[in-house]
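Our numbering numbers the first residue of the sequence shown as 14 and each following residue consecutively. In this text, a Cβ means the ideal position worked out from N, Cα and C, and glycines have one as well. The structure presented is a predicted model; accordingly, all values stated were derived computationally and were not measured.
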Amino acid sequence: MYKRGVRIYAVVLAAGEGTRMQSTRPKPLHMLCGREMVIHVIHALHEIEITQTVVVVGHAAEQVTQVVAMHAPKWSNISFAEQQVQRGTGDATIVGLNAIDKSVGTQTEVDDTSTIIVMPGDTPLLRTSTISNLVQEHQQSNNAATLLTAFVDEPTGYGRIVRAKADRVLQIVEERDATPEIRAINEINTGIFAFRRDLLGPALLKISNKNSQSEYYLTDVVEVLASMG
14 MYKRGVRIYA VVLAAGEGTR MQSTRPKPLH MLCGREMVIH VIHALHEIEI TQTVVVVGHA
74 AEQVTQVVAM HAPKWSNISF AEQQVQRGTG DATIVGLNAI DKSVGTQTEV DDTSTIIVMP
134 GDTPLLRTST ISNLVQEHQQ SNNAATLLTA FVDEPTGYGR IVRAKADRVL QIVEERDATP
194 EIRAINEINT GIFAFRRDLL GPALLKISNK NSQSEYYLTD VVEVLASMG
């Protein structure tokens with residue numbers, strides 16, 4: 014069961030260019046079973062009482078906005094926010110949060126203990142039950158952040174989950190920034206998170222772009238929150 018009175022928001026990250034697909038079609042709009050990938054992602058939220066769904070657009074913003082506005086279900090309460098310059102998933106998440114209530118770094122944010130789901134717009138096989146279980150675990154455990162991870166035989170290309178001996182998550186390290194020891198880890202990040210609103214915004218303001226991509230990684234928020242206890 015979800016916590017009574019706790020609002021739930023979703024931030025769907027759909028701003029990236031998706032260059033690896035080598036396609037002129039924006040990555041979130043590629044079709045699967047007659048439906049755009051990003052629309053599959055939004056439909057995965059249908060068992061959750063979503064207060065608002067913010068789709069963060071960037072590359073081909075107008076095209077993505079038009080398609081999502083046309084095909085997203087009414088219950089999802091869609092709004093849009095544009096990431097003017099693609100500076101990473103952390104920056105995109107700040108853009109999404111500001112579209113909710115324009116309060117990142119303010120007292121309003123500090124007083125807001127709602128749940129924020131952050132998810133990529135290119136995960137069309139995501140099950141509704143998976144998101145529902147994630148949110149329930151997050152709220153019942155009163156976590157600062159709850160991550161959806163997976164164990165795979167071939168983790169190459171994915172961010173790795175680094176845990177302490179007590180199984181507590183310490184950080185997520187992206188492939189390009191990982192040491193050989195960390196690359197040997199086979200627990201990976203799926204890019205799907207639930208956060209406490211009052212902790213997410215301040216943590217995002219503490220991340221940096223000092224990495225191989227010179228981007229602000231949302232995954233770095235995990236290390237910030239872990240260091241806060």
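- As DSSP reads the structure, I195 sits in no beta bridge.
- When E75, L212, I61 are compared, the shortest CA-CA separation from M14 is found for I61.
- Secondary structure remark: continuous alpha helix (DSSP H) runs of at least 4 residues inside the stretch 69-107, in chain order: 74-84.
- Residue environment: G47 is assigned as exposed (fewer than 16 neighbouring CB atoms within 10 Å of its CB, all protein chains considered).
- The Cβ atoms of V108 and F208 do not sit closer than 9 Å to each other.
- Between I55 and S89, the CB-CB gap stays under 9 Å.
- A distance below 9 Å separates the beta carbons of E236 and Q184.
- The straight-line gap separating the alpha-carbon atoms of R17 and V182 is approximately 27 Å.
- By alpha-carbon distance to P137, the top candidate from M50, T106, H43, L147 is M50.
- In the DSSP assignment, the residues bridged to M132 are V25.
- In this structure, V175 is the residue among L212, V175, R189, S221 with its C-alpha nearest to the C-alpha of E200.
- Under the three-state reduction of DSSP, V19 is assigned to coil, being neither helix nor strand.
- S225 sits close to E187, with the two beta carbons spaced by under 9 Å.
- Assigned with DSSP and collapsed to three states, I185 falls in strand.
- The C-beta distance from P41 to D166 rounds to 28 Å, too long to meet the 8 Å contact threshold.
- Looking at E75, T37, L213, E95, the one whose alpha-carbon comes closest to that of A157 is L213.
- G204 is the residue among G204, Q79, V24, I113 whose C-alpha sits nearest the C-alpha of T232.
- Remark: C-beta atoms of I52 and V70 do not approach each other more closely than 9 Å.
- Exclusion of the five residues before and after A85 leaves I55, I91 as the residues of its chain whose Cβ lies within less than 6 Å of its Cβ.
- Counting the other CB atoms within 10 Å of its CB gives L147 a total of 16 or more, which places it among the buried residues.
- The alpha carbon of T141 has as its nearest neighbour, out of S240, Y229, A57, the alpha carbon of A57.
- Between L139 and R210, the CB-CB gap reaches or exceeds 9 Å.
- Non-local C-beta neighbours of D104 in its own chain, meaning closer than 6 Å and more than five positions away in sequence, comprise Y229, ordered along the chain.
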